[in-house]
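Chemist: The opening position of the sequence shown corresponds to residue 1338 in our numbering, with each subsequent residue numbered one higher. Ideal placement from N, C-alpha and C gives every residue a C-beta, glycine not left out. This structure is a prediction, so every number in the text was calculated from the model and none was measured. Sending over a structure as C-alpha cells; questions will come in a sec.
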Amino acid sequence: MTTLLIDAGNSRLKWASFSKGQRSPQQAWPYGEHLPQTGVLLHLQTLLAQQSVERIILVHVLGAAFTEALEAFCAQQAVGLSVVQAQAGVYGLELAYPNPAQFGADRFVGLLAVRKLLGSQAAILIDCGTAVTVDALQADGKHLGGVILPGLQLLSDALIHRTQAAHMSATPFEQAKVFNNNTLQSMGSGCLLSLVGALEGIGTRMQEQMTEPAQILLCGGDTELLTNHLRLAHLAYPEALMEGLVYVAEQEACKL
Ligand SMILES: Nc1ncnc2c1ncn2[C@@H]1O[C@H](COP(=O)(O)OP(=O)(O)O)[C@@H](O)[C@H]1O
Ligand SMILES: CC(C)(COP(=O)(O)O)[C@@H](O)C(=O)NCCC(=O)O
Ligand SMILES: [K+]
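So this is what it looks like as C-alpha cells:
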C-alpha cells in the first residue's frame, strides 16, 4: 500500500508516492483554468483512480476551509489523510512567527526538508513558486524568519497586464540576458534578473546577519530557470518539499 505525498501550492499540485521507504520522483500537475481548490480535488480523483492509496500526507496553502473539504473528500474515498500545518515546538524547530497558524504550511515543510537534506546545518531555504519565500534556519533549530516576494510568473504577469504590453503573450525566461533587442525578451530577462538580484541581496544580507555559515538551498518550480544565474553558492533541489513530506511520513511511522 502506498502513501501519497502532496504539496498543493497556488499554481500546481506536486506529488510523489512513498512506499517501503522509497519515494518516486515528483510530478507537477498545473491547475490550468481551475481554481486551485477545484484543481486539487480533480487531481486527487485522478490519482486515487490510478493507484491503490492507503494514506495521503498533504501540505497546502489554500485556506483553512479547504482542509475541511479535503477531509470530507478523503473520508468519502476511505483514504487516510494527514494535513501538515505549521506548529510550534515540534520536530526540533522553533518558529519565528509568534502565531504558527500564520506561517505558510509549505514553508514549515520546507524547514523539515532542510533537516532531511542537510541534517542539522544552518541553512537559507529559497522556495521559488507562485510566491518566493526565503527562510533562515539555525543549526539549533531556531527559525529566524524570512521574506515573501512575488514569483517569476507573477512578476511577468504584473508587468504585462499593467502596461501597454497587455496584448502580449507569455514572456520568455530562457536565455535571460542584459542586452535584449525586443520587448518580450527584454521583459522576460528583466523579470528573471530582478528576481535573481533580489535573491542575491536577500541571501547575502541573511548570511551576514547569521552567526554561523548557512547553506543556501534553492527549490520550487522555477529552480531550473534561476540556478544558473544566481551568483550565490547554493544547492539546487527542485523537489525539496517532497523530502520534507517524507520526513513527516517517517516521523508519523515512528509514532505508530
Ligand atoms: N505548467 C506550469 N504551470 C504553472 N507554473 C509553471 C508551469 N511550469 C513551470 N512553472 C513555473 O513554476 C512556478 C510555480 O512553482 P511551484 O513550486 O509549482 O509553485 P506553487 O507551489 O506556488 O504552486 C511558476 O512561477 C512557473 O514559473
Ligand atoms: C507565501 C505563500 C503564498 C507561498 O505559497 P506558494 O508560492 O508556495 O504557492 C504561502 O507560503 C502562504 O500562503 N503563506 C502564509 C503567509 C506566511 O507564510 O506568512
Ligand atoms: K513558494
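#1: What do you reckon, is the C-beta of residue 1367 under 7 Å from a heavy atom of ligand 1?
#2: With hydrogens ignored, establish whether the beta-carbon of residue 1585 is closer than 7 Å to any heavy atom of ligand 3.
#3: I'd like to confirm something about residue 1632: is its beta-carbon nearer than 7 Å to some heavy atom of ligand 2, or not?
#4: Over the uninterrupted alpha helix (DSSP H) stretch that includes residue 1446, give me the two end residues.
#5: Threshold first: 3 residues or longer. Then list the beta strand (DSSP E) segments lying entirely within the stretch 1450 to 1537, N to C.
#6: Classify residue 1568 as helix, strand or coil using the three-state DSSP reduction.
#7: When the Cα atoms are used, what is the spatial distance from residue 1583 to residue 1494?
#8: Which residue wins for smallest C-alpha separation from residue 1456, given the options 1562, 1551 and 1342?
#9: Go to residue 1592, then tell me how far its alpha helix (DSSP H) extends in each direction, as first and last residue.
#10: Helix, strand or coil for residue 1406 per DSSP?
#11: When you compare only the Cα positions, how much space is there between residue 1422 and residue 1391?
#12: Any idea if residue 1362 is buried or exposed, counting beta-carbon neighbours within 10 angstroms, 16 or more meaning buried?
#13: Quickly, what does DSSP pair residue 1339 with across the bridge? List them, please.
#14: Is there at least one non-hydrogen atom of ligand 2 closer than 7 Å to the beta-carbon of residue 1406?
Modeler: Per the coordinate set shown:
#1: yes
#2: no
#3: Because the chain here runs from 1338 to 1593, residue 1632 falls outside it and cannot be looked at.
#4: 1442 to 1455
#5: 1460 to 1465, 1468 to 1474 and 1480 to 1487
#6: coil
#7: 33 Å
#8: 1551
#9: 1577 to 1592
#10: helix
#11: 20 Å
#12: exposed
#13: 1390
#14: For ligand 2, not one heavy atom lies less than 7 Å from the Cβ of residue 1406.
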